[in-house]
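These notes are about the structure you will find just below.
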Amino acid sequence: MGKRTPLFPEHERLGARIVPFGGWDMPLHYGSQIEEHHAVRNRAGIFDVSHMRPVDVSGGRAEPFLRRLLANDVAKLKAPGKALYSCMLNMDGGVVDDLIVYFRGPARYRIVVNAGTADKDIAWMQAQSKGFDVSIQRRDDLAMIAIQGPEARRLAIPLLPGDLQGAARDLKPFFAADDERWLVGRTGYTGEDGLEVMLPAQDAPSFWRNLVSVDIQPCGLGARDTLRLEAGMNLYGQDMDETIGPLESGLGWTVAWEPADRDFIGRAALVTMRDNPRRRDFLGLLLTGRGVLRSHQSVLQGGRPVGEVTSGGFSPSLDRSIAFARVEQGLGDSCEVEIRGKPVSARVVKPPFVRQGKPCIQI
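Residue numbers for the sequence shown follow our numbering, so the first one is 1 and each next one is one higher.
So, in C-alpha cells, the structure goes:
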C-alpha cells in the first residue's frame, strides 16, 4: 500500500480506480478518462495533486540561494505572488526536478516539487544550502487541489475563503493570492485556465466536496496525462531526468542566461551542451498512420533509428496519437515510428498540440 492523500476517502466514495504513482495511491479515473479529459477542455475538472510537495524557503539569503539553485532566475520575481517555472539541475546539467516557485514577499518563497522526487529534491536543497542563511520547510501539513478548465475560476472562486475571493478574481496568469493559510495560484498543468489551491490538509475534504457539488468533474491521473501532453508540458522521469538537461527537453526557454555572472548549478555543463553541434532536438509528433505512440518507441528516418519517443498517447481532443520525441538534429517534416516492429508514418510538429480547447496544429 502506498501513501495516501487527505482526499483518499473522497476518491473511494466516488468510485475511483486507484493505482500506484510515485509511491502514492492515486485515482487513475472515476469511470471514464475520456469524459474527464473533455470536461476539463469544455467546462471544469478537479484533480487531487496533494501528493506533490510544497516547500517553503525563507531567510535573509533566500534569494541568492535560489538564484544559485535554479536555472531560471528568481530575481525576476518582483511582485508578491508572482510565480516562475524552472528546472533544478545537478552539476552535469541534468534535471533533478522541474518545479514552480512562488514569491510570497521579501525573503519568502514557496516551491512545489513533484511527488516521486520530493525526498531527493529536499535533500538536494538542504545540501546546497550550506553557507546560506535559509530555512527549508517541508509542508506535509498542506493539501493541493487543481481546478482546471474554461469555467474553473467562475465556479471555484465563490467557494474560496471570503478574504481570498476578490484577490483570486483579479489574479493574472502565473500569479497567486495568499492569506498565509491558503495559497491560490492561477497556474496549472492542462493548457486551460484555472487555479491550483494549497490549503490545510484538514480543510481539503470539505473544499473538494463543495467543488463537486457545483458540478465540477473529478479527474484522475489518466486525464491529467493526456491534457498535459496535448498542452506541450513535460513529465519528469519521461521527458527529462538527472541524465537529460533542459536544452534537450524543450525547456531551453526556462534557462536564464543573463546576467552572465550568475553561476547557477549546472551552468557550465549547459554552456558546453548549448555549443554542442550534436545536441539533440526535442519535438512533437503527430501519427499519420495507424497505431498509438508510446514512450521508448524508436523514431526512424530512412529506416535508421534517430531517436525515441519520450511521452506519447492518444489525444482525445484531436482524435489522433501524439508524442514528444528526442531526436538527432535535422529530422525534417516527417519520419516513422517503430510500433510493434513495423514503421508507421508520422509528421513532425511543434508543441503544444492543444491549448484552451483549440488545436494548435493542422490535422
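Note that beta-carbon positions come from the ideal geometry of N, C-alpha and C, so glycine has one too.
> What residue does the alpha helix (DSSP H) around P9 start on, and which one ends it?
Replying inline: Residues F8 to R13.
> Does the region 105-122 touch the region 21-28, meaning 3 or more C-beta pairs lie closer than 8 Å?
Replying inline: yes
> Looking at the structure shown, is G185 part of a helix, part of a strand, or coil, going by DSSP?
Replying inline: strand
> What is the rounded straight-line gap between the Cα of L285 and the Cα of D179?
Replying inline: 43 Å
> Shortest alpha-carbon distance to D141 belongs to which of K350, D333 and T5?
Replying inline: T5
> What are the boundary residues of the alpha helix (DSSP H) that includes G222?
Replying inline: Segment L221 to E230, the alpha helix (DSSP H) holding G222.
> Hey, how far is the Cα of A323 from the Cα of D92?
Replying inline: 27 Å
> Where does P259 land, buried or exposed, given buried means 16+ other C-beta within 10 angstroms?
Replying inline: exposed
> Terminal residues of the continuous beta strand (DSSP E) containing S206?
Replying inline: S206 -> not in any beta strand (DSSP E); alpha helix (DSSP H) instead, spanning A204 to S213.
> Who does H29 pair with in a DSSP beta bridge?
Replying inline: R17
> With 16 other CB atoms within 10 Å as the buried threshold, where does Q202 fall?
Replying inline: exposed
> Helix or strand or just coil, what does DSSP make of F65?
Replying inline: helix
> Could you check where the beta strand (DSSP E) with K342 kicks off and where it finishes?
Replying inline: K342 to V349
> Less than 9 Å separating the beta-carbons of L164 and V184?
Replying inline: yes
> Alpha carbon to alpha carbon, how far is P277 from K130?
Replying inline: 36 Å
> At what residues does the beta strand (DSSP E) containing M52 begin and finish?
Replying inline: Taken as a continuous stretch (DSSP letters only), M52 belongs to no beta strand (DSSP E), as it is neither H nor E.
> Can you find at least 3 beta carbon pairs, one from the region 93-102 and one from the region 146-166, that sit closer than 8 Å?
Replying inline: no
> Given that a residue counts as buried once 16 or more other Cβ atoms are within 10 Å of its Cβ, and exposed if not, what is P352?
Replying inline: buried
> Does the Cβ-Cβ distance between V57 and R67 come in under 9 Å?
Replying inline: The Cβ atoms of V57 and R67 lie no closer than 9 Å to each other.
> Would A71 pass as a contact of F282 if the rule is Cβ separation under 9 Å?
Replying inline: no
> Since L84 is in the beta strand (DSSP E), which residue starts that stretch and which ends it?
Replying inline: A83 to L89
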